[in-house]
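Chemist: Residue numbering for the sequence shown follows this note's numbering, starting at 1 and increasing by one per position.
There's a structure below that I have some questions on.
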Amino acid sequence: MVSAFRCVAVLSAAFLSISVGLASAQWTSDAMVNTIVADGAGTQGTPIVRAAADGGVWVFFWQNSQKPMIQRLTANGDRVFAGNGIQLANRLNTASFTSDMRVDAAGIAYASFDDNSSGTTATTVQKILPDGTLPWAAAGIQMPASSTSFSTRVAPCADGTIVCVYAGSTTSLTLQRINPDGSLVPGENWSINEASRGLSPSDLIPGASGGDVILMWVRGETTSFSSRKGLKIQKFNATHVAQWNGGVPLDVYTSNATPNRSIQSGYFPILVPDGTGGAIAAWYETGGGRNAWLQHVTAAGVFKFAQDGLGMGVAAPVELRLSAAVAFDQGSGEYVVAYERANSNQSLFGLGAQRVNSAGALQWGTGLSVLPIASNHKSFIAARPAPSNSTVISWLDYQGANFPMLVDAVRLDNTGTNVWGSILGVCTSPTTKGRHSLTSTIGADMMVSVWSDDGAGTTDTKAQNINMNGTLGAAPCYADFNGDGGIDGADVEAFFVIWADGGDAADVNKDGGVNGADVETFFIAWEAGACPT
């Protein structure tokens with residue numbers, strides 16, 4: 001350790017005058033008492049969470065299934081806007097339909113929803129600045145010919161424009177491009193039509209550059225809601241020219257009568273951007289092999305895996321696989337798909353996962369058993385990439401056939417080992433919950449889980465941060481590297497032992513490498529006797 005203490009002497013002198021203060025945090029470390037996002041009169045439910053630019057999150061939700069609302073939490077878990085947040089429309093309808101909320105690179109949020117506050121229903125897009133200002137005024141921007149639309153998605157593009165997709169009718173999808181000032185881009189309203197097919201938007205994400213967007217949609221075999229359904233995808237550029245497959249949509253998953261193959265009615269798989277202009281999707285099927293599936297469409301519109309997707313190992317009749325979610329690690333090019341497991345008659349459930357390398361080879365045999373098929377439902381499963389090529393999976397864990405539920409999480413390394421050693425209780429209060437989702441945060445070494453919760457007797461929206469060391473609440477300070485509660489020479493020695501070996505814990509500046517920059521970051525905090533927040 002001689003070289004380590006020489007570094008101490010040099011860097012101690014260099015950073016002696018630096019002082020970093022601690023800010024109070026609202027994230028709780030008590031899994032029984034989670035952070036309140038919204039708890040006003042009536043219900044506050046169906047939340048959507050996205051990362052904010054400051055390390056916190058935006059949360060969109062519905063008040064009384066009627067008023068679209070938005071709140072922002074800081075990286076410390078403080079509510080930014082007064083009360084329950086900002087009402088985005090004085091909507092009169094008493095039923096909420098499929099809505100969306102996304103955040104652009106500048107940290108501005110965009111929400112899309114159906115709105116009848118004017119007396120006529122219209123798909124509406126609203127823009128919300130980080131300070132809560134609504135630059136498109138209280139009414140937002142209404143989409144043309146959207147009076148029959150109750151399903152919408154929105155995507156802020158790299159060139160500053162925004163694209164909204166909505167179901168113009170049962171058999172058509174319409175897309176509209178919007179300028180940053182809220183004006184509709186002339187000539188940028190286009191449609192996808194199939195007279196004999198029911199179409200619904202599944203997800204819409206921006207491409208990696210310009211005005212590109214990638215749309216995946218659910219395609220029924222007939223116009224009936226109960227008909228078998230598949231998935232199609234296409235990429236459009238800034239002038240809505242289809243980019244893939246000569247302009248012909250690609251079949252992510254095709255429904256079929258023999259064997260009976262379909263996705264679930266009312267199920268809308270999400271897209272994960274690959275960072276280079278392509279998209280990744282995971283889904284499960286209600287017929288055929290009852291498996292979970294994975295597909296990656298590259299920026300060139302080429303499938304990385306076989307037509308109709310890569311199966312996650314042996315499924316039915318050994319087990320049924322449901323509720324698929326995918327995490328993609330851009331550095332390694334590897335995927336983790338998490339799914340609910342069930343026995344053949346769906347009376348017992350568990351949790352599984354599969355890792356797929358960049359070449360499409362399954363890494364965890366026929367599938368990793370995170371939880372055995374021995375208890376109740378594991379629903380609203382979410383998966384996100386975590387440091388050191390690991391993955392965080394979170395879900396609602398049913399304690400009875402229908403309720404109550406807990407919120408749990410696990411972090412798996414690339415071998416399938418639980419980094420935290422056990423299941424992390426994110427919310428251990430046994431209440432009825434729903435609409436759980438999970439997001440990574442920007443610049444903060446944590447994730448945020450959000451869900452609806454009826455613990456107060458009526459539905460509220462709650463949130464909880466998850467630190468990457470498996471704790472809740474304020475993140476532990478790396479200046480106290482050995483975790484003994486004091487900041488002294490023992491922390492320096494502990495840091496350099498890990499740093500010399502290149503251990504991930506020594507990457508205190510979170511740039512993906514263990515080098516001299518981490519030494520500098522560590523000593524700034526060590527000399528100050530605290531970590532920056």
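C-beta atoms are modelled at their ideal positions from N, C-alpha and C, and glycine is treated no differently.
1. Go ahead and label alanine 382 buried or exposed: buried means 16 or more other beta carbons lie within 10 angstroms of its beta carbon, across all protein chains shown.
2. Measure the CB-CB distance between leucine 231 and proline 259 and report whether it falls below 9 Å.
3. Would you list the residues sitting across from asparagine 189 in a DSSP beta bridge?
4. Whole-angstrom Cβ separation of serine 29 and threonine 471, contact assumed at under 8 Å?
5. My output table needs one value for alanine 316: the three-state DSSP class, helix, strand or coil.
6. Rounding to the nearest angstrom, what Cα-Cα distance links glycine 309 and serine 323 in this structure?
7. From this set, Ser227, Arg341, Gly160, Ile373, which residue's C-alpha is nearest alanine 238's C-alpha?
8. If you drop the 5 nearest sequence neighbours on each side, which residues of the same chain put their C-beta closer than 8 Å to that of isoleucine 108?
9. Beta carbon of threonine 174, beta carbon of asparagine 189: below 9 Å?
10. Are the beta-carbon atoms of glycine 182 and isoleucine 141 separated by less than 9 Å?
11. For leucine 215, does the count of other Cβ atoms within 10 angstroms reach 16, so buried, or fall short, so exposed?
12. Can you tell me the Cβ-Cβ gap for proline 68 and serine 452, rounded? I've got them flagged as a contact below 8 Å.
13. Taking 8 Å as the threshold, find out whether the stretch 81-95 comes into contact with the stretch 113-120 through three or more Cβ pairs.
14. Answer with yes or no whether the minimum CB distance from leucine 184 to chain B is below 9 Å.
15. Take glycine 416 and list the residues in its own chain whose beta-carbon comes closer than 6 Å to its own, dropping the five residues that flank it on each side.
16. Per DSSP, which one or two residues make a beta bridge with leucine 322?
17. Shortest alpha-carbon distance to glycine 45 belongs to which of Phe328, Ser191, Ser437?
18. Apart from the five residues on each side of it in sequence, which residues of its chain come closer than 8 Å, Cβ to Cβ, to threonine 120?
19. Which of the three DSSP states is assigned to phenylalanine 522 in this structure?
20. Quick check on the burial criterion: 16 or more other C-beta atoms within 10 angstroms. Buried or exposed for arginine 6?
21. What residue from Glu520, Gly455, Val163, Thr441 has the CA that sits closest to tyrosine 478's CA?
22. Going by beta-carbon coordinates alone, are glycine 360 and lysine 304 separated by less than 9 Å?
23. Pairs of beta-carbons, one from the stretch 54-62 and one from the stretch 483-496, closer than 8 Å: are there three or more?
24. Starting from the Cα of asparagine 515, find the closest Cα among Gln346, Glu340, Glu527, Ala500 and give me that residue.
25. Counting only the same chain and skipping the five closest in sequence on each side, list residues whose C-beta sits under 6 Å from that of phenylalanine 522.
26. Please specify which runs of the beta strand (DSSP E), each continuous and at least 3 residues long, are wholly inside the stretch 249-302, giving them in chain order.
27. When the Cα atoms are used, what is the spatial distance from leucine 134 to glycine 266?
28. Output needed for serine 24: all residues of its chain with C-beta closer than 6 Å, excluding positions within five of it in sequence on either side, in chain order.
29. Which word fits glutamine 295, buried or exposed, when buried means at least 16 other C-beta atoms lie within 10 angstroms of its C-beta?
30. Distance check for alanine 463 and methionine 32, CA to CA, integer angstroms please.
31. Look up glutamate 493 in the DSSP assignment and say whether it is helix, strand or coil.
32. So, helix, strand or coil for alanine 242, using DSSP?
33. Check alanine 444 in the structure and name its three-state DSSP category.
34. Apply the 10 Å Cβ neighbour rule to glutamine 63 and answer buried if 16 or more other Cβ atoms are within range, or exposed otherwise.
35. Spatial neighbours of aspartate 518 within its chain, please: C-beta separation below 7 Å, excluding the five flanking residues on both sides.
36. Taking 6 Å as the limit between beta carbons, can you name the residues of its chain near aspartate 78, skipping five residues before and five after?
Modeler: On the basis of the data shown:
1. The residue labelled residue 382 in the question sits at position 382 within the sequence shown. Under this definition alanine 382 is a buried residue.
2. In the sequence shown, the residue the question calls residue 231 occupies position 231. In the sequence shown, the residue the question calls residue 259 occupies position 259. Their beta carbons are not under 9 Å apart, which means leucine 231 does not touch proline 259 by this criterion.
3. As a working mapping, residue 189 is identified with position 189 in the sequence shown. In the DSSP output, where bridge partners are listed per residue, asparagine 189 has Gln176.
4. Position 29 of the sequence shown holds residue 29. Position 471 of the sequence shown holds residue 471. Confirmed, about 7 Å.
5. Here the question's residue 316 lines up with position 316 in the sequence shown. Three-state result, alanine 316: coil.
6. By one-based count along the sequence shown, residue 309 stands at place 309. By one-based count along the sequence shown, residue 323 stands at place 323. About 16 Å.
7. Counting from 1 along the sequence shown, the entry for residue 238 is found at position 238. Closest by alpha carbon: Gly160.
8. Residue mapping note: residue 108 aligns to position 108 of the sequence shown, counting from 1. Around isoleucine 108: Lys127, Ile128, Leu129, Pro130, Pro156.
9. Within the sequence shown, residue 174 is the residue found at index 174, counting from 1. Within the sequence shown, residue 189 is the residue found at index 189, counting from 1. Yes, they are a contact pair.
10. Numbered from its first residue, the sequence shown carries residue 182 at position 182. Numbered from its first residue, the sequence shown carries residue 141 at position 141. For glycine 182 and isoleucine 141, yes; Cβs fall inside 9 Å.
11. Position 215 of the sequence shown, counting from 1, holds the residue named residue 215. Leucine 215 comes out buried.
12. Taking the sequence shown and counting its residues from 1, one reaches residue 68 at position 68. Taking the sequence shown and counting its residues from 1, one reaches residue 452 at position 452. With a Cβ gap of about 15 Å, proline 68 and serine 452 do not count as contacting.
13. yes
14. Among the chains of the structure shown, chain B does not appear; only one protein chain is present.
15. Numbered from 1 along the sequence shown, position 416 holds the residue referred to as residue 416. Cβ neighbours of glycine 416 beyond the five flanking positions: Trp364, Leu368.
16. The count along the sequence shown starts at 1 and reaches residue 322 at position 322. For leucine 322, which the question treats as bridged, DSSP gives the partners Glu340.
17. As a working note, residue 45 is residue 45 in the sequence shown. Closest by alpha carbon: Ser437.
18. Here residue 120 is taken as the residue at index 120 of the sequence shown, counted from 1. Ser147, listed in sequence order.
19. Here residue 522 refers to the residue found at position 522 when the sequence shown is read from its first residue. Note: phenylalanine 522 maps to helix in three-state DSSP.
20. Looking up residue 6 in the sequence shown gives position 6. Because the pLDDT at arginine 6 is just 39, under 50, the model does not fix this residue reliably, and the point stays unresolved.
21. Counted from its first residue, the sequence shown places residue 478 at position 478. For tyrosine 478, the nearest C-alpha among the options comes from Glu520.
22. Here residue 360 refers to the residue found at position 360 of the sequence shown. Here residue 304 refers to the residue found at position 304 of the sequence shown. Result yes, Cβ atoms of glycine 360 and lysine 304 sit closer than 9 Å.
23. no
24. Translated into positions along the sequence shown, residue 515 becomes position 515. When only C-alpha atoms are compared, the closest one is Ala500.
25. For the purposes of this step, residue 522 is taken as residue 522 along the sequence shown, with counting starting at 1. The residues are Phe495, Val508.
26. 250-253, 271-273, 279-284, 292-297
27. To locate residue 134, count along the sequence shown from 1; it is residue 134. To locate residue 266, count along the sequence shown from 1; it is residue 266. The straight-line gap from Cα to Cα measures roughly 32 Å.
28. Taking the sequence shown and counting its residues from 1, one reaches residue 24 at position 24. Only weak support exists for where serine 24 lies, its pLDDT of 37 falling under 50; the value from the coordinates is given anyway. Hits under 6 Å: none found.
29. In the sequence shown, residue 295 corresponds to position 295, counting from 1. Result: buried.
30. One-based indexing of the sequence shown puts residue 32 at position 32. One-based indexing of the sequence shown puts residue 463 at position 463. One C-alpha to the other measures close to 12 Å.
31. Reading the sequence shown from its first residue, position 493 is the one you call residue 493. Correct three-state label for glutamate 493: helix.
32. On the sequence shown, position 242 is the one that residue 242 refers to. The answer is strand: DSSP assigns alanine 242 an E or B state.
33. The residue labelled residue 444 in the question sits at position 444 within the sequence shown. Coil, per DSSP.
34. The residue you call residue 63 lines up with position 63 of the sequence shown. Buried, because 16 or more other Cβ atoms sit within 10 Å of the Cβ of glutamine 63.
35. Locating residue 518 in the sequence shown gives position 518, where the first residue counts as 1. Excluding residues within five positions, the ones whose Cβ falls inside 7 Å are Trp499, Ala506, Asp507, Val508, Asn509.
36. The residue you call residue 78 lines up with position 78 of the sequence shown. Closer than 6 Å at the Cβ level, and outside the excluded window around aspartate 78, lie Gln26.
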